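Chemist: Just so we're aligned, residue 5 is where the sequence shown starts under this note's numbering, counting upward by one.
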Amino acid sequence: MAKHIDRLIETAVQAQKRAYCPYSRYPVGAAVLTGGGRVFPGCNIENASYGLAMCAERAAIYHAVASGHDAIRAVAVVGAAAKPCGACRQVMYEFSDKDTAIYLVDLNPATGRRSICKTTVYKLLPLAFDPLASGLLPTNPRNLLRRKAARSPGRTKRK
């Protein structure tokens with residue numbers, strides 16, 4: 005798994021170099037590792053109409069989903085003190101489970117030094133909106149939330 009994580013982080017570092025952020029000047033790169041072992045990059049992409057900007061984390065997740073991979077095993081986020089916003093945390097929750105590893109990589113552009121903080125989706129968003137618990141998802145959703153139900157004792161399937 006360590007080899008996958010190194011590749012995941014390096015993909016996020018490379019994605020950060022492609023960030024389009026002329027307004028904030030805050031480049032962020034991200035990468036997701038899917039259940040099948042594929043890695044998908046994403047970078048933040050800004051727009052003059054600020055509400056149309058896209059965070060690197062969601063760009064990477066949507067890239068993976070658009071390519072047919074919707075089970076996220078790990079996420080790396082690279083930037084100066086990079087932390088996912090609330091929207092990105094909720095999207096991560098949708099396509100992963102509570103134990104999915106999140107690697108927050110603080111990359112100092114002047115020195116090239118990296119510090120890595122490993123956490124989980126649940127620690128980033130402990131009271132996430134759970135579409136499975138709310139009854140919004142069908143019996144057989146395409147994402148990993150079905151695994152949560154299978155692992156949670158006492159939870160019954162919906163008919």
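A virtual CB, placed ideally from N, CA and C, is assigned to each residue, including glycine.
Please read all numbers here as calculations on a predicted model, not as lab measurements.
(1) Looking at VAL82 and GLY33, is the spacing between their C-beta atoms short of 8 Å?
(2) Just to confirm the assignment: which complete alpha helix (DSSP H) runs, minimum length 4, are found wholly within the segment 65-130?
(3) Please state if the CB of ALA19 and the CB of GLY3 are separated by a distance shorter than 8 Å.
(4) Taking buried to mean at least 16 other C-beta atoms within 10 Å of its own C-beta, is LEU108 buried or exposed?
(5) Would you report the Cα separation of ASP74 and CYS89, rounded to the nearest angstrom?
(6) Just list the residues that DSSP pairs LEU37 with in beta bridges.
(7) From which residue to which residue does the alpha helix (DSSP H) around VAL172 run?
(8) Out of curiosity, what's the CA-to-CA distance linking ARG93 and ALA6?
(9) Counting C-beta neighbours from all protein chains within 10 Å, is the total for ILE120 16 or more, i.e. buried, or is it exposed?
(10) Would you list the one or two residues that DSSP bridges to TYR24?
(11) When you compare each of ILE76, PHE99, ALA105 and ILE13 to LEU136 by their alpha carbons, which one comes out closest?
(12) Considering Cα atoms alone, identify which of ILE49, ARG77, TYR30 and ALA23 is closest to ILE9.
(13) Would you grab the beta carbon distance between ALA35 and ALA63 for me? Rounded to a whole angstrom, and I think it's under 8 Å.
(14) Which class does ASP134 belong to by DSSP, given the choice of helix, strand or coil?
(15) How would you call ASN48, buried or exposed, if buried means at least 16 neighbouring beta carbons within 10 angstroms?
Modeler: In this structure, then:
(1) As a working note, residue 33 is residue 29 in the sequence shown. As a working note, residue 82 is residue 78 in the sequence shown. Yes, they are a contact pair.
(2) The segment 65-130 contains these whole alpha helix (DSSP H) runs: 90-98 and 125-128.
(3) As displayed, the chain neither begins before 5 nor continues past 163, which places residue 3 out of reach and without an answer.
(4) Locating residue 108 in the sequence shown gives position 104, where the first residue counts as 1. By the neighbour-count rule (16 or more Cβ atoms within 10 Å), LEU108 is buried.
(5) Taking the first residue of the sequence shown as position 1, residue 74 is located at position 70. Taking the first residue of the sequence shown as position 1, residue 89 is located at position 85. Spanning the two alpha carbons is a distance of roughly 20 Å.
(6) Here residue 37 refers to the residue found at position 33 when the sequence shown is read from its first residue. Answer is VAL43 and ALA78.
(7) For residue 172 there is no data in the structure shown, the boundaries of the chain being 5 and 163.
(8) In the sequence shown, the residue the question calls residue 93 occupies position 89. In the sequence shown, the residue the question calls residue 6 occupies position 2. When rounded, the separation of the alpha-carbon atoms in ARG93 and ALA6 is 23 Å.
(9) Along the sequence shown, read from residue 1 onward, the residue named residue 120 stands at position 116. Looking at its Cβ environment, which holds fewer than 16 other Cβ atoms inside 10 Å, ILE120 is exposed.
(10) Stepping through the sequence shown from its first residue, residue 24 is reached at position 20. The bridge partners DSSP lists for TYR24 are ILE49.
(11) For this step, residue 136 is matched to residue 132 along the sequence shown. Residue PHE99 is the option with its Cα nearest to LEU136.
(12) Position 5 of the sequence shown, counted from the first residue, corresponds to residue 9. Of the listed residues, the one whose Cα sits closest to ILE9 is ARG77.
(13) In the sequence shown, counting from the first residue as 1, residue 35 sits at position 31. In the sequence shown, counting from the first residue as 1, residue 63 sits at position 59. The distance from the Cβ of ALA35 to that of ALA63 is about 10 Å, inconsistent with a contact at the 8 Å cut-off.
(14) The residue given as residue 134 occupies position 130 in the sequence shown. DSSP places ASP134 in coil when its eight states are reduced to three.
(15) Position 44 of the sequence shown, counted from the first residue, corresponds to residue 48. Under this definition ASN48 is a buried residue.
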